[in-house]
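Chemist:
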Amino acid sequence: MRARGRFAEVAVSFSRQSPSLAEALATMRSPRVLVAPLLACQGRLMRQVLPSLLAEVGEDRRWTLLPPLGTLPGMVGIARDLVGFVLNEQGLAAQDITVLVAGHGSSVGTASRDATRSVAAGLARLACYGGVETVFLSEAPFAFHWPLATAAERVVVVPFFISGGHHEESDLPAMLRKGGASLDGTEAAGRRLWMTPAVGRHPAIPDLIEAEALVVLRASPV
1 MRARGRFAEV AVSFSRQSPS LAEALATMRS PRVLVAPLLA CQGRLMRQVL
51 PSLLAEVGED RRWTLLPPLG TLPGMVGIAR DLVGFVLNEQ GLAAQDITVL
101 VAGHGSSVGT ASRDATRSVA AGLARLACYG GVETVFLSEA PFAFHWPLAT
151 AAERVVVVPF FISGGHHEES DLPAMLRKGG ASLDGTEAAG RRLWMTPAVG
201 RHPAIPDLIE AEALVVLRAS PV
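Each residue of the sequence shown is one higher than the last, beginning at 1 in my numbering.
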């Protein structure tokens, strides 16, 4: 986003490491700052942690908090593109596969579940796949129960995670394998499964953030 030159300044901050929000904002000269959360849903980090950090900074008239990345309208297109890459690479037809959107889930709240199911519903509305279902790491239906979530012989799993971290690299693959899957399409018990990269690693993520920022600016210009 910085290289595109669309905005006067683009900085980065973190909740658990430097630069913090306060440190990042202190380096910015612009009178208005849009804060884009790289989060999947309206969970605790979005509802409590981030607002608390911004409150510590003060200057509440200066910054505007955008919706979490995972809830932006373009996220369905991101998931569609990831599935499409597998279809093109494997020579598969969309109607011959079921898409499993794999989210984190939670035992104490519905935000992750709701965001995951929203993306799945968006894919289902495309009406081009054999089926669209959801599985989760931390609530039912669990990812290791994927064979119960769909009877399809060909399954493409889309990890609804914002980064390529531990959930994508270890947790989800382990649970899918526990359910009897090989993640590269190798046949197992008459079924084939592929796992795409996490949605947050799609190269169009900056486009989603920029589009949302421009919507906010047009609605409330400086």
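Beta carbons are placed, not taken as given, at the ideal position from N, Cα and C, and that holds for glycine.
These numbers come from a predicted model, not from an experiment.
Note the first and the last residue of the continuous beta strand (DSSP E) segment covering Glu133.
Modeler: Where Glu133 is concerned, the enclosing beta strand (DSSP E) stretches over Gly131 to Phe136.
Chemist: Quick one, which of Ala26, Val101, Met195 and Pro37 has its alpha-carbon nearest Pro238's?
Modeler: Outside the shown range of the chain, which is 1 to 222, sits residue 238, and nothing can be said about it.
Chemist: Using C-beta distances below 8 angstroms, list every residue in its chain close to Met46, excluding the 5 sequence neighbours before and after it, in chain order.
Modeler: Closer than 8 angstroms at Cβ, skipping near neighbours: Pro37, Leu39, Pro68 and Ala111.
Chemist: In the DSSP output, what is Arg154 paired with across the bridge?
Modeler: Beta-bridge pairing links Arg154 to Arg192.
Chemist: Gly103: which of Thr64, Met195 and Arg2 sits nearest, CA to CA?
Modeler: When only C-alpha atoms are compared, the closest one is Met195.
Chemist: Buried or exposed: where does Pro159 fall if 16 or more other Cβ atoms within 10 Å of its Cβ makes it buried?
Modeler: Per the 10 Å Cβ criterion, buried.
Chemist: Report the residue ranges of all alpha helix (DSSP H) runs contained in full by the stretch 67–136; include only those spanning at least 4 residues, in chain order.
Modeler: For the stretch 67–136, whole alpha helix (DSSP H) runs of length 4 or above, ordered along the chain, are 75–90 and 111–125.
Chemist: Tell me which residues share the same chain as Arg191 and place their Cβ nearer than 6 angstroms to its Cβ, disregarding the 5 neighbours each side in the sequence.
Modeler: Result list for Arg191: Glu153, in chain order.
Chemist: Let me know if Thr134 comes out buried or exposed under the rule of 16 or more other beta-carbons within 10 Å of its beta-carbon.
Modeler: Classification of Thr134: buried, given that the 10 Å Cβ count is 16 or more.
Chemist: Across which residues does DSSP place Phe142 in a beta bridge pair?
Modeler: Bridge partners of Phe142: Phe136.
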